[in-house]
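Q: My structure is below; once you've seen it, I'll send some questions.
Number of protein chains: 2
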Amino acid sequence: MTNELTKLIQASEMLKAIAHPIRLAIVQLLENDKRMSVTAIHEALNIEQAVASHHLSILKNKGVLSVDREGKHCFYFLKHQRLAEIVVCVNKCQE
Amino acid sequence: MTNELTKLIQASEMLKAIAHPIRLAIVQLLENDKRMSVTAIHEALNIEQAVASHHLSILKNKGVLSVDREGKHCFYFLKHQRLAEIVVCVNKCQE
DNA sequence: TATAAATATCTATATATATTGATATGACTA
DNA sequence: TAGTCATATCAATATATATAGATATTTATA
């Protein structure tokens, strides 16, 4: 497999991770260096805890988010702040 | 359904359209206001004609590309030039 | 160590997307 | 109008992702 193809696949995996309504909302929530716990996110978005946790783990596994545990809480944040730009950009392109 | 949710769904549909290796390659190919026919695209990417046509129609249906027919040729181009930024951005975030 | 709070995982079903090869449609041109 | 070039669609199978509910794991604290 060519290097170029590998890059395309990796980039599309990351985009695919973001390309879901709940996960897009999570990325939006974490703009501007915000750090939020699973509980804070599930309450902010009004979704089940298990649902939030599930989507957060997808975003983490695909390199979109990172996590720091502090006691009982897990604080998630954008691994690359730049990724928030994608959300802004795609929102601007909705005619 | 709330207006906010509708926006999230639309934005994620558009991102989902781009989140595929071949379709990402197509968007990259069409940066800088380029216009390319189906044949030119399938040759440039070294994929079957039917495959190119299929992915182009997905991108068109999800609002990523537009098309102009000129005789036998269909020229595809980015509907919003801004969308190329997404590709640049996600590429920069591959560590 | 028993309990509670926070988070993650599992199971099952439903739904969507990808892939491939074959074929159909549309539009010029000899 | 028959042929051919360009593009689109179809059909079938495989693979992946989503959704929801139940339950397990981890950590702190009484």
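Which chain is which? The protein sequence lines are A and B, in order.
Position 46, counted from 1, in the first sequence is what this note's numbering calls 46; the numbers after and before it change by one each time, with no gaps.
In short: position in the second sequence from 1, add 100, done, that's this note's numbering.
All residues carry an ideal CB built from backbone N, CA and C; glycine is no exception.
Since the structure is predicted, the reported quantities are computational estimates derived from the model, not experimental observations.
DSSP state of B:His-173, grouped into three classes?
A: Strand, per DSSP.
Q: Going by C-alpha to C-alpha distance, which of B:Val-138, B:Leu-108 and B:Glu-104 sits closest to B:Arg-169?
A: Answer by Cα proximity: B:Val-138.
Q: Identify the continuous alpha helix (DSSP H) that holds A:Asn-91 and give its terminal residues.
A: Start and end: 83-92.
Q: Classify B:Leu-178 as helix, strand or coil using the three-state DSSP reduction.
A: Strand.
Q: What do you get for A:His-54, buried or exposed, if any count of 16 or more other CB atoms within 10 angstroms of its CB means buried?
A: When all chains shown are included, A:His-54 counts as exposed.
Q: When Cβ atoms are compared, which residues of the stretch 106-121 of chain B fall closer than 9 angstroms to chain A?
A: Within the stretch 106-121 of chain B, the qualifying residues are Lys-107, Leu-108, Ile-109, Gln-110, Ala-111, Ser-112, Glu-113, Met-114, Leu-115, Lys-116, Ala-117, Ile-118, Ala-119, His-120 and Pro-121.
Q: Below 8 angstroms CB to CB, which residues in the same chain sit around A:Leu-30 once its five sequence neighbours on both sides are set aside?
A: Closer than 8 angstroms at the Cβ level, and outside the excluded window around A:Leu-30, lie Met-36, Leu-65, Tyr-76, Phe-77, Leu-78 and Ala-84.
Q: With distances taken from CA atoms, which of A:Asn-32, A:Lys-62 and A:Arg-23 is nearest B:Glu-195?
A: For B:Glu-195, the nearest C-alpha among the options comes from A:Lys-62.
Q: What do you reckon, are the CB atoms on B:Ile-158 and B:Arg-123 nearer than 9 angstroms?
A: The answer is yes: Cβ separation under 9 angstroms.
Q: Please name the residue in B:Val-190, B:Thr-102 and B:Pro-121 whose C-alpha comes closest to that of A:Glu-4.
A: Cα-wise, what sits closest to A:Glu-4 is B:Pro-121.
Q: Along chain B, which residues have their Cβ under 8 angstroms away from the Cβ of A:Val-51?
A: Correct list: empty, because the minimum Cβ distance to chain B is about 14 angstroms.
Q: To which residues of the same chain is B:His-173 closer than 7 angstroms at the C-beta, ignoring the five residues directly before and after it?
A: Excluding residues within five positions, the ones whose Cβ falls inside 7 angstroms are Ser-137.
Q: Excluding the five sequence neighbours on either side, which residues of its own chain have a C-beta within less than 6 angstroms of the C-beta of A:Val-49, listed in chain order?
A: Going by the sequence as given, residue 49 of chain A is Gln instead of Val. Closer than 6 angstroms at Cβ, skipping near neighbours: His-42.
Q: Report the residues of the stretch 79-95 of chain A with a CB closer than 9 angstroms to any CB of chain B, ordered along the chain.
A: Within the stretch 79-95 of chain A, the residues whose Cβ lies closer than 9 angstroms to some Cβ of chain B are Lys-79, His-80, Arg-82, Leu-83, Glu-85, Ile-86, Val-87, Cys-89, Val-90, Asn-91, Lys-92, Cys-93, Gln-94 and Glu-95, listed in chain order.
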